[in-house]
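A.B. asks: Pasting a structure below so you can have a look.
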Amino acid sequence: MPKPVVPEEKRRRRRPTKSGTVLSERLIVETALRMLREHGSAGLTARRLGLALDADPSTLYRYFRGMDDLTLAIGDALIGQALGGWAPTGEWRADLRAVGLRIHAAYVEHPQAAVLTASRVSGRAHELAADEAVLDILRTAGFPVPDAVRVYHAFVDTTLAFAALDAASLALPSASLRADEEMWRSTYALLPATTHPRIAEAAPLLATRMLTSAYPTALDMLLDSAAAQLDGIRGE
226 MPKPVVPEEK
236 RRRRRPTKSG
246 TVLSERLIVE
256 TALRMLREHG
266 SAGLTARRLG
276 LALDADPSTL
286 YRYFRGMDDL
296 TLAIGDALIG
306 QALGGWAPTG
316 EWRADLRAVG
326 LRIHAAYVEH
336 PQAAVLTASR
346 VSGRAHELAA
356 DEAVLDILRT
366 AGFPVPDAVR
376 VYHAFVDTTL
386 AFAALDAASL
396 ALPSASLRAD
406 EEMWRSTYAL
416 LPATTHPRIA
426 EAAPLLATRM
436 LTSAYPTALD
446 MLLDSAAAQL
456 DGIRGE
């Protein structure tokens, strides 16, 4: 059985590490994010994290049930970062778009962590707050519960799917990333119209467009569909 997590008030009474650092869940998560950024997921282990914190690796299990629990906390921290300072305006479409762009940006800012956490469900405070906010936006706009859940599902999965996709590209070794980007100019742009007429006519736009994220476009398309549905509901 996994060890029970020590309550926060008991953790605070623990002595500092050898270097004088007082551990906290937040410090551990921030250090893990830095390690993921510098070394990737393979470099994040309890032993290495303990070394980075100047603490015995076993100390981490006073804060987290294991490395998987830490992974969930990292994902929740990204959502918290995304929603920090955000407040609804009452314009449902603008609010939903802002939340989506914020979450996507937070994940892309930490690509290694995004690849590790985008598909997970933590049930932690920031994730719950984000879900509550999105559902409240939709319900306040006038979506009935079944429709609100349907739009919520599409919104969350689209946001996280694009976050994972874009983060995976950014997490590639720089040489691989450059090679993928160059492919649009070195191969696609040189295809003859006689064999690939549609690619040839679109090649200049593809060479520019495909180097950016399609998430804002996909998000607007999703919101267009939701808005049309809401108009139908209001007209009934």
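For the sequence shown, this note's numbering assigns the number 226 to the initial residue and increments by one for each residue that follows.
The beta carbon of each residue, even a glycine, is placed where N, CA and C say it ideally should be.
1) For the alpha helix (DSSP H) that contains residue 378, what are its first and last residues?
2) My guess is that residue 274 and residue 285 are in contact by the Cβ rule of under 8 Å, so how many angstroms apart are they, rounded?
3) In angstroms with no decimal places, state the Cα-to-Cα distance between residue 318 and residue 417.
4) Where does the unbroken alpha helix (DSSP H) through residue 336 begin, and where does it stop?
5) Residue 387 and residue 440: beta carbons closer than 7 Å?
6) Below 8 Å CB to CB, which residues in the same chain sit around residue 452 once its five sequence neighbours on both sides are set aside?
7) Which word fits residue 329, buried or exposed, when buried means at least 16 other C-beta atoms lie within 10 angstroms of its C-beta?
8) Give every residue of the same chain whose Cβ lies closer than 8 Å to the Cβ of residue 266, excluding the five residues on either side of it in the sequence, and list them in chain order.
9) Locate the alpha helix (DSSP H) running through residue 359, then write down its first and last residues.
10) Quick one, which of 457, 367, 431 and 383 has its alpha-carbon nearest residue 344's?
11) Under DSSP, the alpha helix (DSSP H) around residue 422 begins and ends at which residues?
12) Would residue 323 and residue 307 qualify as a contact pair, given that the criterion is a beta-carbon distance under 7 Å?
13) Hey, residue 347 and residue 309: beta-carbon distance below 7 Å or not?
14) Using a Cβ-Cβ cut-off of 8 Å (strictly less than) and excluding sequence neighbours within five positions of residue 333, which residues of its own chain qualify?
15) Would you call residue 251 buried or exposed, if buried means 16 or more other Cβ atoms sit within 10 Å of its Cβ?
16) Please return the same chain residues whose Cβ sits closer than 8 Å to the Cβ of residue 413, not counting the five positions on each side in sequence.
17) Determine the burial state of residue 445: buried for a count of at least 16 other Cβ atoms within 10 Å of its Cβ, exposed for fewer.
18) What runs of the alpha helix (DSSP H), each 4 residues or longer, lie entirely inside the segment 283-320?
19) Could you say which of 277, 272, 271 and 249 lies nearest to residue 288 if we only look at CA atoms?
C.D. replies: Considering the structure as presented:
1) As a first step, residue 378 must be located in the sequence shown, where it is residue number 153. For residue 378, the enclosing alpha helix (DSSP H) has its first and last residue at 370-395.
2) Indexing the sequence shown from 1 puts residue 274 at position 49. Indexing the sequence shown from 1 puts residue 285 at position 60. So it is a contact: roughly 6 Å between Cβ atoms.
3) Looking up residue 318 in the sequence shown gives position 93. Looking up residue 417 in the sequence shown gives position 192. Cα to Cα, residue 318 sits roughly 42 Å from residue 417.
4) As a position in the sequence shown, residue 336 is number 111, starting the count at 1. In the DSSP assignment, residue 336 falls within the alpha helix (DSSP H) that extends over 336-342.
5) In the sequence shown, counting from the first residue as 1, residue 387 sits at position 162. In the sequence shown, counting from the first residue as 1, residue 440 sits at position 215. Against a cut-off of 7 Å, the Cβ pair of residue 440 and residue 387 comes out as a contact.
6) For the purposes of this step, residue 452 is taken as the residue at position 227 of the sequence shown. Here residue 452 has 318 as same chain residues with Cβ atoms under 8 Å from its own Cβ, once five neighbours each way along the sequence are excluded.
7) Residue 329 sits at position 104 when you count from the first residue of the sequence shown. Flag for residue 329 reads buried.
8) Working through the sequence shown from its first residue, we reach residue 266 at position 41. Excluding positions up to five away in sequence, the list reads 337, 340 and 341.
9) Position 134 of the sequence shown, counted from the start, is the residue given in the question as residue 359. Annotation: the continuous alpha helix (DSSP H) that includes residue 359 extends over 350-366.
10) As a working note, residue 344 is residue 119 in the sequence shown. Looking at the Cα atoms, 383 is the closest of the given residues.
11) Position 197 of the sequence shown, counted from the first residue, corresponds to residue 422. Boundaries of the alpha helix (DSSP H) around residue 422: 422-434.
12) As a first step, residue 323 must be located in the sequence shown, where it is residue number 98. As a first step, residue 307 must be located in the sequence shown, where it is residue number 82. Between residue 323 and residue 307, the C-beta gap is not smaller than 7 Å, which leaves the two residues out of contact.
13) One-based indexing of the sequence shown puts residue 347 at position 122. One-based indexing of the sequence shown puts residue 309 at position 84. No; because the gap between Cβ atoms is not below 7 Å, this pair is not in contact.
14) To locate residue 333, count along the sequence shown from 1; it is residue 108. Only residues of its own chain outside the window of five on either side were considered, and among them 339, 388, 391, 392, 395 and 438 have a CB closer than 8 Å to the CB of residue 333, listed in chain order.
15) Position 26 of the sequence shown, counting from 1, holds the residue named residue 251. It is exposed - the Cβ of residue 251 has fewer than 16 other Cβ atoms within 10 Å.
16) Residue mapping note: residue 413 aligns to position 188 of the sequence shown, counting from 1. For residue 413, same chain residues with a beta-carbon under 8 Å away, outside a window of 5 residues either side, are 424, 428, 431 and 432 in chain order.
17) Along the sequence shown, one-based indexing puts residue 445 at 220. Per the 10 Å Cβ criterion, exposed.
18) Within the segment 283-320, the complete alpha helix (DSSP H) runs of at least 4 residues are 292-308.
19) Numbered from 1 along the sequence shown, position 63 holds the residue referred to as residue 288. Closest by C-alpha distance to residue 288, out of 277, 272, 271 and 249, is 249.
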